[in-house]
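Engineer: Got a structure here, written out as structure tokens. Questions coming.
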Amino acid sequence: MPDDTTVIESTVLTTGLSRKPEVGAGRDQPDTPETADPVFSLQDLSFHYGSYRALRNVTMDIWPREITALIGPSGCGKSTLLRCFNRMNDLIPGTRLEGRITFHGEDLYHPKVDPIEVRRRIGMVFQKPNPFPKSIYDNVAFGPKVNGFPRSELKDLVEESLQRAALWDEVKDKLKQNAFSLSGGQQQRLCIARAIAVKPSVILMDEPCSALDPIATIRIEELLSELKNTYTIIVVTHNMQQAARVSDRTAFMTAEVDDKGVRCGVLVEYDRTDRIFTTPRDKRTDDYITGRFG
Ligand SMILES: Nc1ncnc2c1ncn2[C@@H]1O[C@H](COP(=O)(O)OP(=O)(O)O)[C@@H](O)[C@H]1O
Ligand SMILES: [Mg+2]
7 MPDDTTVIES TVLTTGLSRK PEVGAGRDQP DTPETADPVF SLQDLSFHYG SYRALRNVTM
67 DIWPREITAL IGPSGCGKST LLRCFNRMND LIPGTRLEGR ITFHGEDLYH PKVDPIEVRR
127 RIGMVFQKPN PFPKSIYDNV AFGPKVNGFP RSELKDLVEE SLQRAALWDE VKDKLKQNAF
187 SLSGGQQQRL CIARAIAVKP SVILMDEPCS ALDPIATIRI EELLSELKNT YTIIVVTHNM
247 QQAARVSDRT AFMTAEVDDK GVRCGVLVEY DRTDRIFTTP RDKRTDDYIT GRFG
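When we follow the numbering used here, the leftmost residue of the sequence shown carries the number 7, and every step to the right adds one.
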């Protein structure tokens, strides 16, 4: 599959703003790859549900073709942060974002940016596999059809997407069967194939293995390691071993409690995964990864 990122960027997401890569120079960033510009750059991002502030002052860069893990105790804002990356939170009434997220240097929340196109380019896989009540084939073909993908090439695209999601060999003889006939792990790989079929450049995953058994989990983890050759992946996980196994970088978040007892999610530490798990700089990270908290 050709990487169509560049073409689409210039036609759809160009907002007329000058391209500023904002590589994080001078900031306290982990080992920024010198040859690459960040895919996302978050500056002082805060997020509110109505009057409740769920996230405060998150600043981080996400690097291409890496797996970034978001970890931290329940309620610290991991899912909220993940949904900021593809404007999924826009669908929740009364929400408000402050600060800035750029995607390849362009303001992701600029009024001229089409959130539907954003969600095509930045796909999402959820905690519980959620295939459509359709055949295996139609689950994968649905998005490309809606986007006007040529029908004559659809069959090849479905096969390619299922191949990439490491599911093809298991389903190639039963493409017309209902997706619900698959096991949980297969359904999750089908959801990954469905996400891939619309040719995103980023895949967001919110605890993609938490509803799966250990064997299905390992298969998804192996798949992630393959997919990162093509896609930038951000994965929320409450499983620290999983973060340590699969990710290149890890962001540890926690919920701070103010003097009125109100909790707010903050990014505590963001670094290469090996460093987060061996030599964290913040005591809160150390406490969490050694099991003293959370
Ligand atoms: N749709 C929503 N409306 C209001 N508050 C929400 C909503 N989703 C999450 N929250 C709140 O935001 C905070 C962070 O939640 P979430 O991002 O789901 O955390 P995590 O994924 O780390 O468990 C929690 O206090 C949660 O109750
Ligand atoms: Mg969550």
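Heads up, the beta-carbon is just placed ideally off N, CA and C, and yes, glycines get one too.
Does the beta carbon of Tyr55 fall short of 7 Å from some heavy atom of ligand 1?
Structural biologist: Checking the Cβ of Tyr55 against ligand 1 gives yes.
Engineer: Should Val146 be labelled buried (16 or more other beta-carbon atoms within 10 Å of its own) or exposed?
Structural biologist: Its Cβ being crowded by 16 or more others within 10 Å, Val146 is buried.
Engineer: Using C-beta distances below 6 Å, list every residue in its chain close to Arg170, excluding the 5 sequence neighbours before and after it, in chain order.
Structural biologist: So the list reads Ile202, once near-sequence residues are dropped.
Engineer: Taking 8 Å as the cut-off, does the stretch 103 to 119 touch the stretch 41 to 50 (at least 3 CB pairs, one atom from each stretch)?
Structural biologist: Touching, yes.
Engineer: Quick check on the burial criterion: 16 or more other C-beta atoms within 10 angstroms. Buried or exposed for Thr256?
Structural biologist: Flag for Thr256 reads buried.
Engineer: Which class does Gly271 belong to by DSSP, given the choice of helix, strand or coil?
Structural biologist: Three-state DSSP puts Gly271 in a strand.
Engineer: Counting pairs of beta carbons, one from the stretch 217 to 231 and one from the stretch 62 to 72, are three or more of them closer than 8 Å?
Structural biologist: Flag = no, the stretch 217 to 231 and the stretch 62 to 72 do not touch.
Engineer: Taking just the CA atoms, how far does Asn95 sit from Gly271?
Structural biologist: Approximately 16 Å, taken between the alpha carbons.
Engineer: Do three or more CB pairs link the stretch 136 to 145 to the stretch 176 to 190 at distances below 8 Å?
Structural biologist: Yes: the two stretches touch, three or more of their Cβ pairs being nearer than 8 Å.
Engineer: Reducing DSSP to helix, strand and coil, say where Gly129 ends up.
Structural biologist: Looking at Gly129 - three-state DSSP - the assignment turns out to be strand.
Engineer: Please report the straight-line C-alpha distance between Pro286 and Asp292, rounded to a whole angstrom.
Structural biologist: One C-alpha to the other measures close to 6 Å.
Engineer: Less than 8 Å between the beta carbons of Met259 and Gly81, yes or no?
Structural biologist: Cβ atoms of Met259 and Gly81: not closer than 8 Å.
Engineer: For Leu76 versus Val242, is the C-beta distance shorter than 8 Å?
Structural biologist: Yes, the pair counts as a contact, with Cβ atoms nearer than the cut-off.
Engineer: Among the residues of its own chain, which have a CB less than 7 Å from the CB of Glu275, if the five just before and after it don't count?
Structural biologist: Cβ neighbours of Glu275 beyond the five flanking positions: Phe258, Ile282, Pro286, Arg287, Asp288 and Thr291.
Engineer: Shortest alpha-carbon distance to Phe53 belongs to which of Arg200, Arg106, Arg195 and Phe132?
Structural biologist: Residue Arg106 is the option with its Cα nearest to Phe53.
Engineer: Distance check for Tyr55 and Glu104, CA to CA, integer angstroms please.
Structural biologist: Going by the C-alpha atoms only, they are around 12 Å apart.
Engineer: Quick one, are the C-beta atoms of Ile73 and Val252 less than 8 Å apart?
Structural biologist: Contact: yes.
Engineer: Hey, Val131 and Cys197: beta-carbon distance below 8 Å or not?
Structural biologist: In this structure, Cys197 lies closer than 8 Å to Val131 by Cβ.
Engineer: Ends of the alpha helix (DSSP H) at Thr279?
Structural biologist: Note, Thr279: alpha helix (DSSP H), Thr279 to Thr284.
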